[in-house]
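Chemist: One structure is given below, represented as C-alpha coordinates, and several questions about it will come after.
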Amino acid sequence: MQKGILICGHGSRDTEGVAHFKVLVQLLQKRYPSCIVDYGFLEFAHPVYAAAVERMYQQGVRHIIALPAILFAGGHAKNDIPYEMNTLQQQYPDLKITMAAHLGITAPLLQLARGMIEAAEAGREAVSRRESCLLLVGRGTNDPDANSDVAKLARMLWEGMGFGFATTAYIGVTAPLLTEALPITACLPFRRVVVLPVFLFTGILLKRIYEQVAAFQEQTETEYICTDPFGSHELLLQAIDMRIREAEAGSGHMNCQLCKYRTQIIGVEEEMGKEQIGHHLNVRGILFEEEEKPGSGKGIMSTVKKVLGI
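Its first residue numbered 1156, the sequence shown is counted upward by one per residue in my numbering.
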(Lines of atoms letter the chains of each structure in order from A and count residues from 1; the text may use other names and numbers.)
(Lines give C-alpha, C1' and ligand atoms only; values in the text may rest on other atoms or scores of the structure.)
Protein backbone atom coordinates (compact mmCIF):
# COMPACT_ATOMS: atom_id res chain seq x y z
CA MET A 1 0.00 0.00 0.00
CA GLN A 2 1.42 3.37 -1.05
CA LYS A 3 1.88 5.66 1.95
CA GLY A 4 1.83 9.43 1.93
CA ILE A 5 2.70 12.29 4.26
CA LEU A 6 0.58 15.43 4.07
CA ILE A 7 2.22 18.51 5.56
CA CYS A 8 -0.69 20.62 6.80
CA GLY A 9 0.29 24.27 6.72
CA HIS A 10 -1.76 27.21 7.91
CA GLY A 11 -1.12 29.45 4.92
CA SER A 12 -0.03 33.07 4.80
CA ARG A 13 -0.83 36.31 3.03
CA ASP A 14 2.94 36.75 2.74
CA THR A 15 4.33 35.07 -0.37
CA GLU A 16 7.78 34.86 1.23
CA GLY A 17 6.31 32.87 4.12
CA VAL A 18 4.62 30.44 1.71
CA ALA A 19 7.90 30.03 -0.18
CA HIS A 20 9.74 29.17 3.05
CA PHE A 21 7.09 26.58 3.88
CA LYS A 22 7.59 24.95 0.49
CA VAL A 23 11.32 24.64 1.21
CA LEU A 24 10.42 22.52 4.23
CA VAL A 25 8.20 20.33 2.06
CA GLN A 26 11.00 19.83 -0.46
CA LEU A 27 13.40 18.75 2.28
CA LEU A 28 10.86 16.26 3.61
CA GLN A 29 10.31 14.87 0.12
CA LYS A 30 14.02 14.09 -0.05
CA ARG A 31 13.97 12.76 3.51
CA TYR A 32 11.13 10.31 2.83
CA PRO A 33 11.79 9.01 -0.70
CA SER A 34 9.62 5.90 -0.21
CA CYS A 35 6.55 8.03 0.59
CA ILE A 36 4.64 10.58 -1.44
CA VAL A 37 5.07 13.83 0.49
CA ASP A 38 2.65 16.61 -0.39
CA TYR A 39 1.28 19.73 1.26
CA GLY A 40 -1.82 21.84 1.65
CA PHE A 41 -2.99 25.00 3.40
CA LEU A 42 -5.85 25.86 5.70
CA GLU A 43 -6.31 29.34 4.28
CA PHE A 44 -4.75 32.16 2.23
CA ALA A 45 -2.77 29.87 -0.10
CA HIS A 46 -3.08 26.98 -2.53
CA PRO A 47 -3.45 24.05 -2.65
CA VAL A 48 -6.12 23.52 -0.01
CA TYR A 49 -6.07 20.19 1.83
CA ALA A 50 -8.79 18.68 -0.35
CA ALA A 51 -6.78 19.29 -3.52
CA ALA A 52 -3.64 17.82 -1.98
CA VAL A 53 -5.45 14.70 -0.78
CA GLU A 54 -7.03 14.19 -4.19
CA ARG A 55 -3.63 14.56 -5.84
CA MET A 56 -2.13 11.97 -3.50
CA TYR A 57 -5.07 9.62 -3.97
CA GLN A 58 -4.65 9.77 -7.75
CA GLN A 59 -1.04 8.67 -7.25
CA GLY A 60 -2.17 5.54 -5.46
CA VAL A 61 -1.81 6.67 -1.86
CA ARG A 62 -4.20 4.83 0.47
CA HIS A 63 -2.71 5.78 3.82
CA ILE A 64 -1.91 9.40 4.65
CA ILE A 65 -0.19 10.68 7.77
CA ALA A 66 -1.46 14.24 8.18
CA LEU A 67 1.14 16.28 10.04
CA PRO A 68 0.09 19.71 11.35
CA ALA A 69 3.00 22.08 10.72
CA ILE A 70 1.84 23.90 13.84
CA LEU A 71 4.02 24.58 16.87
CA PHE A 72 1.36 24.64 19.57
CA ALA A 73 -2.10 23.08 19.80
CA GLY A 74 -4.60 25.90 19.56
CA GLY A 75 -7.77 25.85 17.50
CA HIS A 76 -6.00 25.07 14.22
CA ALA A 77 -4.44 21.85 15.50
CA LYS A 78 -7.37 20.81 17.69
CA ASN A 79 -10.32 21.76 15.50
CA ASP A 80 -9.65 23.07 12.00
CA ILE A 81 -7.19 20.52 10.67
CA PRO A 82 -8.87 17.44 12.25
CA TYR A 83 -12.23 18.66 10.94
CA GLU A 84 -10.82 18.94 7.43
CA MET A 85 -9.22 15.49 7.63
CA ASN A 86 -12.38 13.88 9.04
CA THR A 87 -14.42 15.41 6.22
CA LEU A 88 -11.99 14.16 3.58
CA GLN A 89 -11.84 10.71 5.18
CA GLN A 90 -15.58 10.35 4.57
CA GLN A 91 -15.12 11.12 0.88
CA TYR A 92 -12.58 8.33 0.32
CA PRO A 93 -13.83 5.07 1.92
CA ASP A 94 -10.66 3.16 0.99
CA LEU A 95 -8.29 5.87 2.21
CA LYS A 96 -6.96 5.94 5.77
CA ILE A 97 -5.91 9.30 7.21
CA THR A 98 -3.91 9.24 10.43
CA MET A 99 -3.47 12.49 12.32
CA ALA A 100 -0.03 13.15 13.73
CA ALA A 101 0.39 15.39 16.75
CA HIS A 102 1.40 19.04 16.40
CA LEU A 103 5.12 19.77 16.79
CA GLY A 104 5.00 20.97 20.39
CA ILE A 105 7.95 21.24 22.76
CA THR A 106 10.52 18.53 22.08
CA ALA A 107 14.22 18.14 22.75
CA PRO A 108 15.12 19.01 19.12
CA LEU A 109 12.97 22.16 19.29
CA LEU A 110 14.68 23.24 22.52
CA GLN A 111 18.09 22.73 20.93
CA LEU A 112 16.96 24.71 17.89
CA ALA A 113 15.72 27.58 20.05
CA ARG A 114 19.05 27.65 21.86
CA GLY A 115 20.85 27.80 18.53
CA MET A 116 18.68 30.69 17.36
CA ILE A 117 19.48 32.62 20.53
CA GLU A 118 23.21 31.96 20.28
CA ALA A 119 23.21 33.05 16.62
CA ALA A 120 21.49 36.33 17.55
CA GLU A 121 24.05 36.99 20.28
CA ALA A 122 27.04 36.18 18.07
CA GLY A 123 29.13 39.11 16.86
CA ARG A 124 27.69 41.52 19.41
CA GLU A 125 29.15 43.06 22.52
CA ALA A 126 29.61 40.41 25.18
CA VAL A 127 26.75 40.58 27.67
CA SER A 128 26.36 37.83 30.22
CA ARG A 129 23.15 35.85 30.27
CA ARG A 130 22.55 36.99 33.85
CA GLU A 131 22.43 40.53 32.51
CA SER A 132 19.99 39.53 29.76
CA CYS A 133 16.23 39.05 29.69
CA LEU A 134 14.62 36.53 27.34
CA LEU A 135 11.30 37.53 25.76
CA LEU A 136 9.41 34.84 23.85
CA VAL A 137 6.71 36.11 21.49
CA GLY A 138 3.98 33.69 20.50
CA ARG A 139 1.23 33.93 17.91
CA GLY A 140 -1.45 34.08 20.59
CA THR A 141 -4.68 32.06 20.54
CA ASN A 142 -7.95 31.86 22.46
CA ASP A 143 -6.79 28.53 23.90
CA PRO A 144 -4.95 28.92 27.25
CA ASP A 145 -3.39 25.47 26.84
CA ALA A 146 -1.59 26.54 23.66
CA ASN A 147 -0.58 29.90 25.15
CA SER A 148 0.84 28.16 28.21
CA ASP A 149 3.21 26.14 26.02
CA VAL A 150 4.92 29.40 25.04
CA ALA A 151 5.42 30.11 28.75
CA LYS A 152 6.74 26.58 29.31
CA LEU A 153 9.25 26.96 26.50
CA ALA A 154 10.35 30.29 27.99
CA ARG A 155 10.85 28.72 31.40
CA MET A 156 12.91 25.82 30.05
CA LEU A 157 15.15 28.16 28.06
CA TRP A 158 15.45 30.53 31.04
CA GLU A 159 16.71 27.83 33.35
CA GLY A 160 18.65 25.91 30.71
CA MET A 161 20.57 28.90 29.36
CA GLY A 162 20.98 30.94 32.55
CA PHE A 163 19.10 34.11 31.65
CA GLY A 164 18.52 36.64 34.40
CA PHE A 165 14.82 36.61 33.65
CA ALA A 166 12.38 35.39 31.01
CA THR A 167 8.84 36.32 30.12
CA THR A 168 6.32 35.99 27.31
CA ALA A 169 4.21 38.17 25.05
CA TYR A 170 1.95 37.61 22.05
CA ILE A 171 1.43 39.38 18.76
CA GLY A 172 -2.34 38.96 18.85
CA VAL A 173 -5.51 37.57 20.45
CA THR A 174 -4.29 37.28 24.05
CA ALA A 175 -2.42 39.32 26.64
CA PRO A 176 0.12 40.65 27.11
CA LEU A 177 0.57 41.95 23.60
CA LEU A 178 4.13 42.64 22.52
CA THR A 179 3.51 46.41 22.59
CA GLU A 180 2.46 46.04 26.23
CA ALA A 181 5.35 43.80 27.24
CA LEU A 182 8.20 45.80 25.70
CA PRO A 183 7.91 48.81 28.08
CA ILE A 184 7.87 46.42 31.02
CA THR A 185 11.08 44.71 29.94
CA ALA A 186 12.76 48.10 29.54
CA CYS A 187 12.07 48.82 33.22
CA LEU A 188 13.88 45.69 34.33
CA PRO A 189 17.57 45.86 35.36
CA PHE A 190 18.97 44.12 32.29
CA ARG A 191 21.35 45.41 29.64
CA ARG A 192 19.93 43.28 26.85
CA VAL A 193 16.59 41.74 25.89
CA VAL A 194 16.71 38.76 23.53
CA VAL A 195 13.44 38.50 21.61
CA LEU A 196 12.63 35.00 20.35
CA PRO A 197 9.57 34.91 18.05
CA VAL A 198 8.10 31.41 18.31
CA PHE A 199 7.38 31.05 14.61
CA LEU A 200 8.36 28.46 12.02
CA PHE A 201 8.64 30.82 9.05
CA THR A 202 8.54 34.46 8.10
CA GLY A 203 5.22 36.13 7.41
CA ILE A 204 3.11 39.17 8.18
CA LEU A 205 2.99 38.55 11.93
CA LEU A 206 6.72 37.87 12.26
CA LYS A 207 7.56 41.03 10.32
CA ARG A 208 5.18 42.92 12.59
CA ILE A 209 7.13 41.66 15.60
CA TYR A 210 10.42 42.88 14.12
CA GLU A 211 8.87 46.26 13.30
CA GLN A 212 7.48 46.73 16.80
CA VAL A 213 10.78 45.79 18.45
CA ALA A 214 12.73 48.12 16.13
CA ALA A 215 10.35 50.99 16.84
CA PHE A 216 10.62 50.46 20.59
CA GLN A 217 14.42 50.23 20.43
CA GLU A 218 14.49 53.90 19.45
CA GLN A 219 12.83 54.79 22.76
CA THR A 220 15.21 53.04 25.17
CA GLU A 221 18.89 52.48 25.89
CA THR A 222 18.30 48.79 26.61
CA GLU A 223 19.59 46.66 23.74
CA TYR A 224 17.00 44.54 21.93
CA ILE A 225 18.03 41.75 19.57
CA CYS A 226 15.74 39.39 17.68
CA THR A 227 16.28 35.82 16.55
CA ASP A 228 15.33 34.37 13.20
CA PRO A 229 12.30 32.04 12.90
CA PHE A 230 12.97 28.31 13.28
CA GLY A 231 12.85 27.71 9.53
CA SER A 232 13.72 24.36 7.96
CA HIS A 233 16.64 23.51 10.21
CA GLU A 234 17.79 19.91 10.60
CA LEU A 235 16.61 19.97 14.22
CA LEU A 236 13.09 20.91 13.11
CA LEU A 237 13.19 18.01 10.66
CA GLN A 238 14.16 15.74 13.55
CA ALA A 239 11.15 16.97 15.53
CA ILE A 240 8.95 16.18 12.54
CA ASP A 241 10.54 12.72 12.32
CA MET A 242 9.43 12.09 15.90
CA ARG A 243 5.81 13.00 15.16
CA ILE A 244 5.73 10.86 12.03
CA ARG A 245 7.13 7.83 13.89
CA GLU A 246 4.53 8.30 16.64
CA ALA A 247 1.72 8.45 14.09
CA GLU A 248 2.98 5.30 12.37
CA ALA A 249 3.06 3.50 15.72
CA GLY A 250 -0.39 4.76 16.67
CA SER A 251 0.93 6.74 19.63
CA GLY A 252 0.64 10.26 18.28
CA HIS A 253 -1.68 11.86 20.80
CA MET A 254 -2.35 15.43 21.86
CA ASN A 255 -2.33 16.56 25.45
CA CYS A 256 -6.03 16.39 26.29
CA GLN A 257 -5.58 16.80 30.03
CA LEU A 258 -5.84 20.59 29.83
CA CYS A 259 -7.82 20.85 26.59
CA LYS A 260 -10.69 23.29 27.03
CA TYR A 261 -12.86 21.16 24.74
CA ARG A 262 -12.54 18.08 26.98
CA THR A 263 -12.52 19.46 30.50
CA GLN A 264 -13.62 22.62 32.24
CA ILE A 265 -10.79 25.13 32.29
CA ILE A 266 -11.05 28.28 34.39
CA GLY A 267 -12.45 31.15 32.36
CA VAL A 268 -13.51 29.08 29.33
CA GLU A 269 -15.86 26.56 30.95
CA GLU A 270 -18.45 27.02 28.21
CA GLU A 271 -16.03 25.62 25.60
CA MET A 272 -16.19 22.09 27.05
CA GLY A 273 -17.87 19.67 24.66
CA LYS A 274 -17.91 22.17 21.80
CA GLU A 275 -18.46 20.60 18.39
CA GLN A 276 -15.29 20.03 16.41
CA ILE A 277 -15.73 22.12 13.29
CA GLY A 278 -13.42 24.27 11.23
CA HIS A 279 -13.89 28.03 11.54
CA HIS A 280 -11.84 29.01 8.48
CA LEU A 281 -14.22 27.64 5.87
CA ASN A 282 -15.17 31.13 4.65
CA VAL A 283 -11.59 31.97 3.65
CA ARG A 284 -10.38 28.54 2.56
CA GLY A 285 -8.53 28.84 -0.73
CA ILE A 286 -8.92 32.61 -0.92
CA LEU A 287 -5.76 34.34 -2.10
CA PHE A 288 -5.01 37.88 -1.01
CA GLU A 289 -3.09 40.47 -2.98
CA GLU A 290 -1.12 43.37 -1.56
CA GLU A 291 -1.89 45.93 -4.27
CA GLU A 292 -5.25 47.14 -5.50
CA LYS A 293 -5.79 48.46 -9.00
CA PRO A 294 -8.96 49.96 -10.50
CA GLY A 295 -11.11 47.30 -12.10
CA SER A 296 -9.04 44.44 -10.72
CA GLY A 297 -11.62 43.34 -8.16
CA LYS A 298 -8.97 43.57 -5.43
CA GLY A 299 -10.93 46.26 -3.69
CA ILE A 300 -13.54 43.61 -2.98
CA MET A 301 -10.87 41.44 -1.38
CA SER A 302 -9.78 44.39 0.74
CA THR A 303 -13.34 44.67 2.01
CA VAL A 304 -13.34 40.95 2.82
CA LYS A 305 -10.16 41.45 4.83
CA LYS A 306 -11.79 44.19 6.89
CA VAL A 307 -14.93 42.15 7.51
CA LEU A 308 -12.90 39.13 8.63
CA GLY A 309 -10.50 41.26 10.67
CA ILE A 310 -7.38 40.02 8.87
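Even for Gly, the Cβ is constructed at its ideal location relative to N, Cα and C.
1. Can you tell me which of the three DSSP states R1111 falls into?
2. Taking the beta strand (DSSP E) that P1223 belongs to, which residues open and close that run?
3. By Cβ distance below 6 Å, which residues in the same chain neighbour T1329 in space, the five residues on each side in sequence not counted?
4. DSSP on V1292, reduced to helix/strand/coil?
5. Reducing DSSP to helix, strand and coil, say where I1395 ends up.
6. From H1257 to A1277, what distance separates their C-alpha atoms?
7. Do H1165 and A1206 come within 9 Å of each other at the CB atom, strictly closer than that value?
8. Between D1249 and R1217, which are expected to be in contact by the criterion C-beta below 8 Å, what is the C-beta distance as a whole number of angstroms?
9. Skipping 5 residues on each side, what residues in its chain have a beta carbon closer than 8 Å to that of F1311?
10. Whose C-alpha, out of A1321, P1188, Q1244, A1200, is nearest the C-alpha of L1289?
11. How far does the alpha helix (DSSP H) with Y1365 in it reach, from first residue to last?
12. Does the separation of the CB atoms of L1391 and L1267 fall below 9 Å?
13. DSSP beta-bridge partners for F1196?
14. Along the chain, which unbroken stretches of the alpha helix (DSSP H) at least 4 residues long are found entirely within the segment 1296 to 1326?
15. Report yes if the CB atom of I1364 is closer than 9 Å to the CB atom of L1333, and no otherwise.
16. Report yes if the C-beta distance between Y1204 and M1254 is below 9 Å; otherwise report no.
17. G1229 and D1169: beta carbons closer than 9 Å?
18. With I1380 as the anchor, note down where its beta strand (DSSP E) starts and where it stops.
19. Have a look at the DSSP bridge pairing and note the partners of S1287.
20. Using a Cβ-Cβ cut-off of 6 Å (strictly less than) and excluding sequence neighbours within five positions of A1306, which residues of its own chain qualify?
21. For C1190, which residues of its own chain have a beta-carbon under 7 Å away from its beta-carbon, when the five flanking residues on both sides are left out?
22. Using C-beta distances below 6 Å, list every residue in its chain close to F1318, excluding the 5 sequence neighbours before and after it, in chain order.
23. Specify the secondary structure class of G1259 as computed by DSSP and reduced to three states.
24. Among all the DSSP beta bridges, which residues are the ones paired with G1159?
25. Measure from the alpha carbon of Q1213 to the alpha carbon of each residue in Y1247, T1382, V1282, then state which is nearest.
26. Is the beta carbon of A1262 closer than 9 Å to that of D1383?
27. Do L1351 and L1291 have their beta-carbon atoms positioned less than 9 Å apart in this structure?
28. Output yes or no for whether 9 Å exceeds the beta carbon distance between L1361 and L1226.
29. Taking K1177 as part of the alpha helix (DSSP H), name the residues at either end of that continuous run.
30. Rounded to whole angstroms, what is the Cα-Cα separation between E1273 and V1192?
31. Out of curiosity, what's the CA-to-CA distance linking P1237 and T1357?
32. Have a look at C1381 and M1316 and give me their C-alpha separation to the nearest angstrom.
33. Provide the residue(s) that pair with P1352 in DSSP beta bridges, ordered along the chain.
Modeler: Considering the structure as presented:
1. Residue numbering for the chain in the displayed model covers 1156 to 1465; residue 1111 lies beyond these limits and cannot be assessed.
2. By 1-based counting over the sequence shown, the position of residue 1223 is 68. Run containing P1223: 1216 to 1223, per the beta strand (DSSP E) assignment.
3. Here residue 1329 refers to the residue found at position 174 when the sequence shown is read from its first residue. Excluding residues within five positions, the ones whose Cβ falls inside 6 Å are G1295, N1302.
4. As a working mapping, residue 1292 is identified with position 137 in the sequence shown. Of the three classes helix, strand and coil, the one that applies to V1292 here is strand, per DSSP.
5. Sequence index remark: in the sequence shown, residue 1395 carries index 240 (1-based). When DSSP states are grouped into helix, strand and coil, I1395 belongs to the helix group.
6. Within the sequence shown, the letter at position 102 stands for residue 1257. Within the sequence shown, the letter at position 122 stands for residue 1277. Going from the Cα of H1257 to the Cα of A1277 covers about 31 Å.
7. Walking along the sequence shown from the start, residue 1206 turns up at place 51. Walking along the sequence shown from the start, residue 1165 turns up at place 10. Not closer than 9 Å, so no.
8. Locating residue 1249 in the sequence shown gives position 94, counting from the first residue. Locating residue 1217 in the sequence shown gives position 62, counting from the first residue. Contact flag correct, Cβ pair sits at about 6 Å.
9. Residue 1311 sits at position 156 when you count from the first residue of the sequence shown. The displayed chain sequence assigns Met, not Phe, to residue 1311. Closer than 8 Å at the Cβ level, and outside the excluded window around M1311, lie I1260, L1265.
10. Here residue 1289 refers to the residue found at position 134 when the sequence shown is read from its first residue. Minimum Cα distance to L1289 is reached at A1321.
11. For the purposes of this step, residue 1365 is taken as residue 210 along the sequence shown, with counting starting at 1. Where Y1365 is concerned, the enclosing alpha helix (DSSP H) stretches over 1359 to 1372.
12. By 1-based counting over the sequence shown, the position of residue 1391 is 236. By 1-based counting over the sequence shown, the position of residue 1267 is 112. Against a cut-off of 9 Å, the Cβ pair of L1267 and L1391 comes out as a contact.
13. Here residue 1196 is taken as the residue at index 41 of the sequence shown, counted from 1. F1196 is bridged to G1164, V1203.
14. 1299 to 1316
15. Here residue 1364 is taken as the residue at index 209 of the sequence shown, counted from 1. Here residue 1333 is taken as the residue at index 178 of the sequence shown, counted from 1. L1333 sits close to I1364, with the two beta carbons spaced by under 9 Å.
16. Within the sequence shown, the letter at position 49 stands for residue 1204. Within the sequence shown, the letter at position 99 stands for residue 1254. No.
17. Numbered from its first residue, the sequence shown carries residue 1229 at position 74. Numbered from its first residue, the sequence shown carries residue 1169 at position 14. Going by C-beta atoms, G1229 is not nearer than 9 Å to D1169.
18. Here residue 1380 corresponds to residue number 225 of the sequence shown, with the count starting at 1. Here the beta strand (DSSP E) through I1380 covers 1378 to 1381.
19. Looking up residue 1287 in the sequence shown gives position 132. In DSSP, S1287 forms a bridge with R1347.
20. For the purposes of this step, residue 1306 is taken as the residue at position 151 of the sequence shown. The answer, listed in chain order, is T1323.
21. As a position in the sequence shown, residue 1190 is number 35, starting the count at 1. K1158, G1159, I1160.
22. Walking along the sequence shown from the start, residue 1318 turns up at place 163. Only R1284, S1287, L1289 meet the Cβ criterion.
23. By one-based count along the sequence shown, residue 1259 stands at place 104. Coil.
24. Sequence index remark: in the sequence shown, residue 1159 carries index 4 (1-based). BP columns for G1159 point to I1191, I1219.
25. The residue labelled residue 1213 in the question sits at position 58 within the sequence shown. Nearest of Y1247, T1382, V1282 to Q1213, Cα basis: Y1247.
26. Sequence index remark: in the sequence shown, residue 1383 carries index 228 (1-based). Sequence index remark: in the sequence shown, residue 1262 carries index 107 (1-based). Taking 9 Å as the Cβ cut-off, D1383 and A1262 do not qualify as a contacting pair.
27. By one-based count along the sequence shown, residue 1291 stands at place 136. By one-based count along the sequence shown, residue 1351 stands at place 196. It is a contact, given that the beta carbons lie within the stated cut-off.
28. To locate residue 1361, count along the sequence shown from 1; it is residue 206. To locate residue 1226, count along the sequence shown from 1; it is residue 71. Result no, Cβ atoms of L1361 and L1226 do not sit closer than 9 Å.
29. Residue mapping note: residue 1177 aligns to position 22 of the sequence shown, counting from 1. Here the alpha helix (DSSP H) through K1177 covers 1170 to 1186.
30. Position 118 of the sequence shown, counted from the start, is the residue given in the question as residue 1273. Position 37 of the sequence shown, counted from the start, is the residue given in the question as residue 1192. The alpha-carbon atoms of E1273 and V1192 are separated by roughly 32 Å.
31. Mapped onto the sequence shown, residue 1237 falls at position 82. Mapped onto the sequence shown, residue 1357 falls at position 202. For P1237 and T1357, the distance between alpha carbons rounds to 25 Å.
32. Within the sequence shown, numbered from 1, the residue matching residue 1381 stands at position 226. Within the sequence shown, numbered from 1, the residue matching residue 1316 stands at position 161. Taking C-alpha positions only, C1381 is separated from M1316 by approximately 16 Å.
33. On the sequence shown, residue 1352 is found 197 positions in, with the first residue counted as 1. Note: P1352 sits in a beta bridge opposite V1292.
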